[in-house]
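Student:
In this note's numbering, the protein residues as written are 1381 to 1510.
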């Protein structure tokens, strides 16, 4: 949960990261990172596009949760559950899915930190926001 005194500021930052320009950059960074962890065939269309769409949806879910006070969902989305099930049924290791989530969270965290830096908050507030 986000401390109430930071809730409106976090909601504002999350909304800015959800803009198309910012979100596109997050997904691009995520995919560049993830591409280093997967076999070539995964990077082929249409699968790679589906991964990008899933990643965009996940990033939006996280940002909307932050904007709503930081309460993350207790279960994964239907799209995530379906993708995990399909990956498991096709014999892909769970490590591929985990690598995707790690890459996504890292890209989103980097974007959040960059935005906090761009805003030029005082160091104490910047530390609290990170």
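Beta carbons: idealized from backbone N, C-alpha and C, even for Gly.
#1: Just checking my contact of residue 1488 with residue 1442 at CB under 8 Å: how many whole Å lie between their CB atoms?
#2: Select from 1434, 1478 and 1419 the residue whose C-alpha is nearest the C-alpha of residue 1408.
#3: Could you tell me how far apart the beta carbons of residue 1411 and residue 1492 are, in whole angstroms, since I believe they sit closer than 8 Å?
#4: So, is residue 1505 buried or exposed, given that buried needs 16 or more other C-beta atoms within 10 angstroms?
#5: Would residue 1496 and residue 1510 qualify as a contact pair, given that the criterion is a beta-carbon distance under 9 Å?
#6: Within a Cβ cutoff of 6 Å, which residues of the same chain sit near residue 1467, ignoring the five residues on either side of it in sequence?
#7: Let's see if you can read the secondary structure: which residues bound the alpha helix (DSSP H) around residue 1481?
#8: With 16 as the cutoff for other CB atoms within 10 Å, does residue 1484 come out buried or exposed?
#9: So what does DSSP say about residue 1429, is it helix, strand or coil?
#10: Could you say which of 1415, 1494, 1395 and 1501 lies nearest to residue 1482 if we only look at CA atoms?
#11: Count the other CB atoms, across all protein chains shown, that sit within 10 Å of the CB of residue 1474; report buried if there are 16 or more and exposed otherwise.
#12: Answer yes or no: do residue 1403 and residue 1436 have a C-beta to C-beta separation smaller than 9 Å?
#13: Going along the chain, which residues of its own chain have a beta-carbon closer than 8 Å to the beta-carbon of residue 1422, five neighbours each way excluded?
Tutor: According to the data block:
#1: Looking up residue 1488 in the chain shown gives position 108. Looking up residue 1442 in the chain shown gives position 62. Correct: roughly 6 Å between the Cβ atoms.
#2: Here residue 1408 refers to the residue found at position 28 of the chain shown. For residue 1408, the nearest C-alpha among the options comes from 1434.
#3: As a working note, residue 1411 is residue 31 in the chain shown. As a working note, residue 1492 is residue 112 in the chain shown. Not quite, the Cβ-Cβ distance comes to about 18 Å (not below 8 Å), so this is no contact.
#4: Within the chain shown, numbered from 1, the residue matching residue 1505 stands at position 125. Residue 1505 is exposed by the Cβ-count criterion.
#5: The residue labelled residue 1496 in the question sits at position 116 within the chain shown. The residue labelled residue 1510 in the question sits at position 130 within the chain shown. It is a contact, given that the beta carbons lie within the stated cut-off.
#6: Locating residue 1467 in the chain shown gives position 87, where the first residue counts as 1. Around residue 1467: 1477.
#7: Along the chain shown, read from residue 1 onward, the residue named residue 1481 stands at position 101. Its alpha helix (DSSP H) spans residues 1474 to 1499.
#8: Here residue 1484 is taken as the residue at index 104 of the chain shown, counted from 1. Buried: at least 16 other Cβ atoms inside 10 Å.
#9: The residue you call residue 1429 lines up with position 49 of the chain shown. If DSSP states are grouped into helix, strand and coil, residue 1429 belongs with the helices.
#10: As a working note, residue 1482 is residue 102 in the chain shown. Nearest C-alpha to residue 1482: 1415.
#11: Counting from 1 along the chain shown, the entry for residue 1474 is found at position 94. So residue 1474 ends up on the exposed side.
#12: Position 23 of the chain shown holds residue 1403. Position 56 of the chain shown holds residue 1436. Yes, the Cβ-Cβ distance between residue 1403 and residue 1436 is below 9 Å.
#13: Working through the chain shown from its first residue, we reach residue 1422 at position 42. Correct list, in chain order: 1428, 1431 and 1476.
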